[in-house]
Amino acid sequence: MGAETKSFKAAHMILYGTVLFMIEFVRGAYLVSFLPTYAVNVLGFTAAVVGISVSVHYAMDTLIKCYAGYLLDRFPIRWIIQVGLLISLAGLLFMQYAQQLWVLIAAAALFGVGISPFWLVCLSKVKPEHRAANMGLLYTCWLSGIGAGPVVINFLIDKSYTLSFRIMIMIWIAAWLLSLLITNVKQSAEVQIPIKRQLVLLWERLYTMRVLLPGMILQTAAAGMLVPILPGFAAKYLGLHYSEYSYVLLAGGAFAVIFLVPMGKLADRFGRRWFLVPGFAAFALALYAISLATLLWQALVLAACIGLSYAAVLPSWNALIAQYVPKNQQGLGWGLFSSIEGIGVIIGPVIGGWIADAAGERLALWVSAALLAAIAVYYVLMPPEKVKERA
Numbered sequence: 002m003g004a005e006t007k008s009f010k011a012a013h014m015i016l017y018g019t020v021l022f023m024i025e026f027v028r029g030a031y032l033v034s035f036l037p038t039y040a041v042n043v044l045g046f047t048a049a050v051v052g053i054s055v056s057v058h059y060a061m062d063t064l065i066k067c068y069a070g071y072l073l074d075r076f077p078i079r080w081i082i083q084v085g086l087l088i089s090l091a092g093l094l095f096m097q098y099a100q101q102l103w104v105l106i107a108a109a110a111l112f113g114v115g116i117s118p119f120w121l122v123c124l125s126k127v128k129p130e131h132r133a134a135n136m137g138l139l140y141t142c143w144l145s146g147i148g149a150g151p152v153v154i155n156f157l158i159d160k161s162y163t164l165s166f167r168i169m170i171m172i173w174i175a176a177w178l179l180s181l182l183i184t185n186v187k188q189s190a191e192v193q194i195p196i197k198r199q200l201v202l203l204w205e206r207l208y209t210m211r212v213l214l215p216g217m218i219l220q221t222a223a224a225g226m227l228v229p230i231l232p233g234f235a236a237k238y239l240g241l242h243y244s245e246y247s248y249v250l251l252a253g254g255a256f257a258v259i260f261l262v263p264m265g266k267l268a269d270r271f272g273r274r275w276f277l278v279p280g281f282a283a284f285a286l287a288l289y290a291i292s293l294a295t296l297l298w299q300a301l302v303l304a305a306c307i308g309l310s311y312a313a314v315l316p317s318w319n320a321l322i323a324q325y326v327p328k329n330q331q332g333l334g335w336g337l338f339s340s341i342e343g344i345g346v347i348i349g350p351v352i353g354g355w356i357a358d359a360a361g362e363r364l365a366l367w368v369s370a371a372l373l374a375a376i377a378v379y380y381v382l383m384p385p386e387k388v389k390e391r392a
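Position one of the sequence shown corresponds to residue 2 (the working numbering), numbered consecutively onward.
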């Protein structure tokens, strides 16, 4: 009986991972490749407008996170996931009518509705005893999807925007169909605590982890700055076609995916600080260096370094945050903490797009690298693993 239960849980996690991969495949393809190029080259918008649209998408994603966790603690999982994915599908479909700014922004907002609930369900399934390793496995599915999406779509964009758009729609529909197989069974029973009491408990945890808050916001802001500018930077400074730009993304994504699980296991064994600080520092240096690259092979090597740095940071960071999620209120807890990280994702694309329009994409990369370097310095002075000891 125990073996059957273990096999069922493994199969169920494969289902979660598959749907997560497909969702993030489309999101990565849409935000990183399709939207920045289609909006600028076909619709005639600026990089700043692209940044605003991406920010609106993540603002809606963050807003939904604030309430989705509460809903997931009380209502059937499958119903919430399926309704959310259908609303996001509507946002994708509206893209073909985005001849005006408000339509583009409205479509980006709708697209952000359905992703948060599924993310929270996945995160709540991670086992506490192997938190960093399991986080690494889960983020492998996420990073594989969000990395493969831009790579594949860039090859297709060289042929046709229409073909690219239709493929994204078909993959999203397939993800929704697979979500029909998700059950409403929860890993652990939720203890019903009044919402006011939950908020008090979560506020106490936020106060305890206050040293981590700057990193939660700055790292996502630095990453968000890159979303509206990377395709333009690759074309303007590196002289790359969309297909060549895909090779750069592939190099970074491949190294991140390959090393996520090993880095997670090493972090469990040796301590997370030794992966967070060097990881952020290496990320910043590689990002600055790629802004000065002039050849494709240089961009490929530096992208691989960025992917390796990201693999060092991601499992350790999320395992650290997971310590502060209430065990019996995982939906609400992950919703709140993810919303805090979402602040950076909301402001990052706007800043990145504005800097790119005002002073060029290269300066935007430098500012992003400076933020990542600041995080590394901050956590040298304020070790994250000492937070609980001082609280």
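A virtual CB, placed ideally from N, CA and C, is assigned to each residue, including glycine.
Do residue j and residue i come within 7 Å of each other at the CB atom, strictly closer than that value?
i: Tyr140; j: Leu315; result: yes
i: Pro350; j: Pro37; result: no
i: Gly146; j: Phe22; result: yes
i: Ala49; j: Trp355; result: yes
i: Phe276; j: Ala268; result: yes
i: Met171; j: Ala30; result: no
i: Ser161; j: Phe35; result: no
i: Leu144; j: Val33; result: no
i: Ile65; j: Ser117; result: yes
i: Tyr59; j: Val378; result: no
i: Gly254; j: Gly148; result: yes
i: Asp358; j: Thr47; result: yes
List the whole-angstrom C-beta distance separating residue i from residue j, where the pair is believed to meet the contact cut-off of C-beta under 8 Å.
i: Val27; j: Trp120; result: With 8 Å as the limit, Val27 and Trp120 do not qualify as a contact, their Cβ atoms being about 14 Å apart.
i: Ala252; j: Gly308; result: 7 Å
i: Ile106; j: Val57; result: 5 Å
i: Ala222; j: Ile322; result: That pair is no contact at about 17 Å.
i: Ile376; j: Leu219; result: 5 Å
i: Val41; j: Val51; result: 7 Å
i: Gly92; j: Ala69; result: That belief does not hold up - the Cβ atoms of Gly92 and Ala69 are roughly 16 Å apart, past 8 Å.
Spatial neighbours of residue i within its chain, please: CB distance less than 7 Å, with the 5 preceding and 5 following residues excluded, ordered by chain position.
i: Ile88; result: Leu111, Val114, Gly115
i: Phe260; result: Leu309, Ala312
i: Cys123; result: Tyr17, Leu21, Leu139
i: Cys306; result: Ala283, Ala287
i: Leu382; result: none
i: Leu73; result: Ile81, Pro118, Leu121, Val122, Gly332
i: Cys142; result: Gly18, Leu21, Phe22
i: Val43; result: Tyr162
i: Ala176; result: Val20, Met23, Ile24, Leu86
i: Ser292; result: Arg363, Leu366, Trp367
i: Met61; result: Ala110, Gly113, Val114
i: Tyr39; result: Tyr162
Could you pull out every residue in the same chain whose Cβ sits closer than 8 Å to the Cβ of residue i, ignoring the five residues on either side in sequence?
i: Ser180; result: Val20, Arg79, Ile82, Gln83, Leu86, Phe119
i: Tyr380; result: Gly216, Arg274, Leu277, Val278, Phe281
i: Ile53; result: Ile106, Pro350, Val351, Gly354
i: Val104; result: Phe95, Tyr98
i: Val201; result: none
Can you give me the Cβ contacts of residue i inside the same chain, cut-off strictly under 6 Å, excluding the 5 residues immediately before and after it?
i: Ala285; result: Ala370, Leu373, Ala374
i: Ala190; result: For Ala190, the predicted structure reports a pLDDT of 44, less than 50, and the residue's modelled location is therefore unreliable. A value from the coordinates is still provided. Hits under 6 Å: none found.
i: Ala235; result: Leu241, Tyr246
i: Gln193; result: Here the model assigns Gln193 a pLDDT of 49, short of 50, so the residue's position is not dependable, and the following value carries that caveat. So the list is empty, once near-sequence residues are dropped.
i: Gln101; result: none
i: Ala304; result: Val249, Ala252, Gly253
i: Tyr289; result: Ala370
i: Leu90; result: Trp173
i: Ser339; result: Lys66
Q. Taking contact to mean at least 3 C-beta pairs separated by less than 8 Å, is the region 365-382 in contact with the region 217-232?
A. Flag = yes, the region 365-382 and the region 217-232 touch.
Q: Flag this pair as touching only if the region 238-249 and the region 145-157 have three or more C-beta atom pairs under 8 Å; answer yes or no.
A: Flag = yes, the region 238-249 and the region 145-157 touch.
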